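Working notes for the structure below.
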Amino acid sequence: MKRLIALAFSAAVLTGCASSPTLYAPQTAPQAAGYSEYRLEAGRYRVTFKGNPGAPVNQVSDYALLRAAELALRDGYDWFRVADRMTQQTGSGGNSAISIGGGSGSYGRRSGVGVGLGTSFNLGPGPAVSSSMEVVFGKGQRPRDADTYDARDIVRTVGQGRAAA
């Protein structure tokens, strides 16, 4: 019986550590994972990708770049520049605590004293990461700035990596 309880507890702990994978898809609800975009003006968008809890920061940032590249190509542009970017982490992960407690009691002529020590661990998958960037599209020869990307190259490299994941 003890083995069965230990096995059930271990399965529950491992299930608590698991997180759902972050897929490249449109965001279906405000708190859901996925991409969204907002057209600021012709040739300028704010693109956001929100990952599930535990998704790697690089994956979330790459998916935001991929969506920007797809929008640039869809609208007839060749390249895009990231004018501004922000990465946010929401939720918690990895916090732990230790607590000490004590108590005493008596019943009739008997009394007792007790001391306890407790620990807690957050077994969740970690914080959710969101990457948001403002992008400006361009046509023709791509400027050789650090934050300028060829839209076709991003779709080819990041999009290919997405298919392998």
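Numbering (our numbering), first residue to last: 1 to 165.
For each residue, glycine too, the CB sits at the ideal point set by N, CA and C.
Being a predicted model, the structure only gives us computed values, none of them experimental.
N-terminal and C-terminal residue of the beta strand (DSSP E) that residue i is part of
| i | result |
| --- | --- |
| residue 81 | 79-90 |
| residue 128 | 128-138 |
| residue 148 | 148-150 |
Burial state of residue i, where buried means 16 or more other Cβ atoms lie within 10 Å
| i | result |
| --- | --- |
| residue 40 | exposed |
| residue 107 | exposed |
| residue 69 | buried |
| residue 140 | exposed |
| residue 42 | exposed |
| residue 146 | exposed |
| residue 113 | exposed |
| residue 31 | exposed |
Cβ pair residue i, residue j closer than 8 Å
| i | j | result |
| --- | --- | --- |
| residue 102 | residue 115 | yes |
| residue 137 | residue 72 | yes |
| residue 38 | residue 45 | yes |
| residue 148 | residue 156 | no |
| residue 33 | residue 52 | yes |
| residue 127 | residue 91 | yes |
| residue 132 | residue 86 | yes |
| residue 80 | residue 151 | yes |
Spatial neighbours of residue i in its chain, beta-carbon cut-off 7 Å, leaving aside the 5 residues before and after
| i | result |
| --- | --- |
| residue 158 | 62, 65 and 66 |
| residue 160 | none |
| residue 154 | 65, 66 and 69 |
Strand pairing of residue i, partner residues [DSSP]
| i | result |
| --- | --- |
| residue 103 | 114 |
| residue 26 | 35 |
| residue 47 | 37 and 133 |
Unbroken alpha helix (DSSP H) run spanning residue i, endpoints
| i | result |
| --- | --- |
| residue 67 | 57-74 |
Cβ-based neighbour list, residue i, same chain, cut-off 6 Å, excluding 5 preceding and 5 following
| i | result |
| --- | --- |
| residue 134 | 46, 83 and 84 |
| residue 130 | 50 and 88 |
| residue 22 | 33, 51, 52 and 55 |
| residue 48 | 36 and 132 |
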